[in-house]
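Below: the structure, in structure tokens.
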Amino acid sequence: MKREVATRPRREREWTASPGAPQNQGAAPQQRREPRLEQKIRERAYAIWERKGRQQGSAQQDWLQAEREIRRESASTTRTFV
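So in our numbering, the last one in the sequence shown is 136, and the numbering has no gaps at all.
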């Protein structure tokens, strides 16, 4: 005997900001930059890891060092051209 199961169509959930949430005006350029920044940090952290002889257990320290270096370079470049 075949059992019938009632199904209802799925509705996509709509995501909206809550009324008190700040509106993020002009976020698109920042969102486009972040993946590039993260990629640069990732590549630098990998280079640091290789330079240290590929030692395990220091991924977080390598990432933080890479982040500091990239941000410092970015800040000095920005100041040079302003």
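From the three backbone atoms N, C-alpha and C, an ideal C-beta is built for every residue, glycine too.
TODO: Please report how far the alpha carbon of A113 lies from the alpha carbon of Q93, in whole angstroms.
DONE: In the sequence shown, residue 113 corresponds to position 59, counting from 1. In the sequence shown, residue 93 corresponds to position 39, counting from 1. In a straight line, the C-alpha of A113 is about 15 Å away from that of Q93.
Open item on the list: What does the Cβ neighbour count give for A99, buried or exposed, with the cut at 16 atoms within 10 Å?
Closed with: Stepping through the sequence shown from its first residue, residue 99 is reached at position 45. Buried is the call here.
- [ ] Report the rounded CA-to-CA distance for S130 versus G111, giving the unit in angstroms.
- [x] For the purposes of this step, residue 130 is taken as residue 76 along the sequence shown, with counting starting at 1. For the purposes of this step, residue 111 is taken as residue 57 along the sequence shown, with counting starting at 1. So the alpha carbons of these two residues sit roughly 31 Å apart.
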